[in-house]
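S.K.: Numbering (this note's numbering), first residue to last: 166 to 265.
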């Protein structure tokens with residue numbers, strides 16, 4: 166199956182890049198580019214780093230770290246939910262046993 170693609174121009178740190186994306190994902194790509202641009206500018210302001218490459222790498226590391234932490238948080242929430250279900254099941258068993 167061939168997926169239709171389109172070229173999209175994005176601007177990051179006042180530099181224009183042409184990027185391919187799947188049809189229908191243009192808006193999401195533009196939103197991602199705007200987010201990345203804002204984050205790189207924040208890194209530039211906070212660290213006084215110059216150069217797109219260095220700022221992009223530091224920003225990519227920051228975003229990756231945030232995503233990994235979010236993933237760990239979701240895993241933790243899944244474990245808590247499972248534990249709560251288990252406790253609820255045991256409580257239900259105790260309630261049923263006391264009715265007998």
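Glycine is no exception: its CB is placed at the ideal position from the N, C-alpha and C atoms. These numbers were taken from a predicted model, which means no experiment stands behind them.
In angstroms, rounded to a whole number, what distance separates the CA positions of residue 220 and residue 201?
M.R.: Spanning the two alpha carbons is a distance of roughly 11 Å.
S.K.: To the nearest whole angstrom, what separates the beta carbons of residue 205 and residue 224, a pair I think is in contact under 8 Å?
M.R.: About 5 Å; that satisfies the 8 Å criterion.
S.K.: Quick one: what's got a C-beta closer than 8 Å to residue 185's C-beta in the same chain, skipping five residues either side?
M.R.: Here the set comprises 170, 171, 172, 173.
S.K.: How close, in whole Å, do the beta carbons of residue 180 and residue 217 come, if the pair is a contact with beta carbons under 8 Å?
M.R.: About 7 Å; that satisfies the 8 Å criterion.
S.K.: Look up residue 248 in the DSSP assignment and say whether it is helix, strand or coil.
M.R.: Three-state DSSP puts residue 248 in a helix.
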